[in-house]
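Remarks on the structure that follows.
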Amino acid sequence: MKKASPSGSMLKVTGVGKAFGTLTVLNDINLEVGEGEVVAMIGPSGSGKSTLLRCINQLEPPTSGSITLAGITIDAGIVATRRQLTELRRTAGMVFQSFNLFPHMSVLRNVSLPQQRVLGRSRVEADERSMSLLSRVGLASKASEYPVRCSGGQQQRIAIARALALDPEIMLFDEPTSALDPELGLEVLNVMRELADGGMTMIVVTHEMHFAETVSDRVVVMADGRIVEEGPSREVMRNPHSQRARLFLNAVKNR
Ligand SMILES: Nc1ncnc2c1ncn2[C@@H]1O[C@H](COP(=O)(O)OP(=O)(O)OP(=O)(O)O)[C@@H](O)[C@H]1O
Ligand SMILES: [Mg+2]
Numbered sequence: 272m273k274k275a276s277p278s279g280s281m282l283k284v285t286g287v288g289k290a291f292g293t294l295t296v297l298n299d300i301n302l303e304v305g306e307g308e309v310v311a312m313i314g315p316s317g318s319g320k321s322t323l324l325r326c327i328n329q330l331e332p333p334t335s336g337s338i339t340l341a342g343i344t345i346d347a348g349i350v351a352t353r354r355q356l357t358e359l360r361r362t363a364g365m366v367f368q369s370f371n372l373f374p375h376m377s378v379l380r381n382v383s384l385p386q387q388r389v390l391g392r393s394r395v396e397a398d399e400r401s402m403s404l405l406s407r408v409g410l411a412s413k414a415s416e417y418p419v420r421c422s423g424g425q426q427q428r429i430a431i432a433r434a435l436a437l438d439p440e441i442m443l444f445d446e447p448t449s450a451l452d453p454e455l456g457l458e459v460l461n462v463m464r465e466l467a468d469g470g471m472t473m474i475v476v477t478h479e480m481h482f483a484e485t486v487s488d489r490v491v492v493m494a495d496g497r498i499v500e501e502g503p504s505r506e507v508m509r510n511p512h513s514q515r516a517r518l519f520l521n522a523v524k525n526r
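Under the working numbering, the first residue of the sequence shown carries the number 272, and numbering increases by one thereafter.
Here you go:
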């Protein structure tokens, strides 16, 4: 199994800042993620975790700094071309807390349509790939169902299959289990664990501390729009150096 190879850099975030009007929500963020590395991102509500993920795939343009993702560099202030954006969004698969599946399409169409639209795959080709990914997330039997007839955990696994179908180089997860009850969340975490074991490069914003400690190679703690601590997962989770990270982890552990 492939694991963190320090050789190749998949993502480099350099001096990224983000302001909404007068509100600064990201401040001089520097982060590098190697090929095959799994990074968990934790931190209090409002600390800028979602905004950082959204800046990484340019759903939100950063106010300053630059982001290099799989060889494409986008500098703040320079408008990216449509082609760059399409390529970037294919490269970075994103999974949100809410699954955002199309309710009027079957599970299979939900996974196939983006492949046809974005990659120009034929329907037959796309369906084939969809079926293989739906099997991988344990949902081949749901292919012809509508999303509404699937549980939340199943819908999230479908959303993961849909993102994987575009052959991303990195997967960005924004609290993928926080809308799910613990058992359904576990199904999703297991799929993510398998992805990590298979060598996928991942950034996972999560409140699942066990997952952060056991699955990720590295933990990044954010607070007030800054990275306040970063290091090997076990070390950060058990023995954080910064006062701010310690405060947050104590609060989480004592819940
Ligand atoms: N589109 C927007 N316009 C204005 N302010 C925004 C916008 N999006 C986010 N913010 C603000 O940016 C800050 C960071 O928000 P963000 O959603 O990134 O936090 P978070 O760490 O993901 O929090 P949570 O754990 O609650 O999801 C918050 O103060 C939020 O109100
Ligand atoms: Mg968030």
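Note that the Cβ used here is the ideal one computed from N, Cα and C, for glycine as well.
Along the beta strand (DSSP E) that carries GLY288, what are the first and last residues, could you check? 280-291
Is the stretch 360-375 close to the stretch 418-426, with three or more CB pairs under 8 angstroms? yes
Meets three-Cβ-pair contact criterion under 8 angstroms: the stretch 387-404 and the stretch 463-472: no
Any chance you could list the alpha helix (DSSP H) runs of at least 4 consecutive residues sitting entirely within the stretch 304-371, in chain order? 320-327, 353-362
Under 7 angstroms Cβ to Cβ from LEU455, same chain only, skipping five residues before and after it: list those, please. SER422, GLY423, GLY424
C-alpha distance - MET442 paired with SER403, whole-angstrom precision: 18 angstroms
Near ARG517, which residues of its chain fall below 7 angstroms by C-beta distance, leaving aside the five closest residues on each side in sequence? PRO511
GLU500 vs ARG515 beta-carbon contact at 9 angstroms: yes
Could you tell me the alpha carbon to alpha carbon distance between HIS491 and ALA311, rounded to whole angstroms? For clarity, residue 491 is Val in the given sequence; the question names His instead. For VAL491 and ALA311, the distance between alpha carbons rounds to 6 angstroms.
Can you list, in chain order, the residues of its chain whose CB lies under 8 angstroms from that of LEU405, leaving out five sequence neighbours each side? VAL378, LEU379, VAL382, ALA411, LYS413, ALA414, ILE429, ALA432
Please determine, among THR448, MET365, ARG464, the residue with the shortest C-alpha to C-alpha distance to ALA434. MET365
Is SER369 near ligand 1, with its Cβ less than 8 angstroms from a heavy atom? no
Buried/exposed call for SER449, threshold 16 Cβ in 10 Å: exposed
Hey, is ASP445 close to ligand 2, as in C-beta under 8 angstroms from one of its heavy atoms? yes
Please confirm whether LEU385 and LEU437 have their CB atoms less than 9 angstroms apart. Note that residue 385 corresponds to Pro in the displayed sequence, not to Leu. Yes, the Cβ-Cβ distance between PRO385 and LEU437 is below 9 angstroms.
Alpha carbon to alpha carbon, how far is PRO447 from ARG407? Give it in angstroms, no decimals. 18 angstroms
In this structure, how does DSSP classify GLY424 when only helix, strand and coil are distinguished? helix
Between MET508 and MET480, is the Cβ-Cβ spacing less than 9 angstroms? yes
List the DSSP bridge partners of PHE444. VAL366, VAL475
In whole angstroms, what separates the C-alpha of THR295 from that of ARG400? 42 angstroms
For ALA290, which residues in the same chain have their Cβ closer than 6 angstroms to its Cβ, ignoring the five residues on either side in sequence? THR334
Shorter than 8 angstroms, the distance from the beta carbon of VAL476 to the closest heavy atom of ligand 2, or not? yes
Cβ neighbour criterion (16 or more within 10 Å) applied to VAL350: exposed
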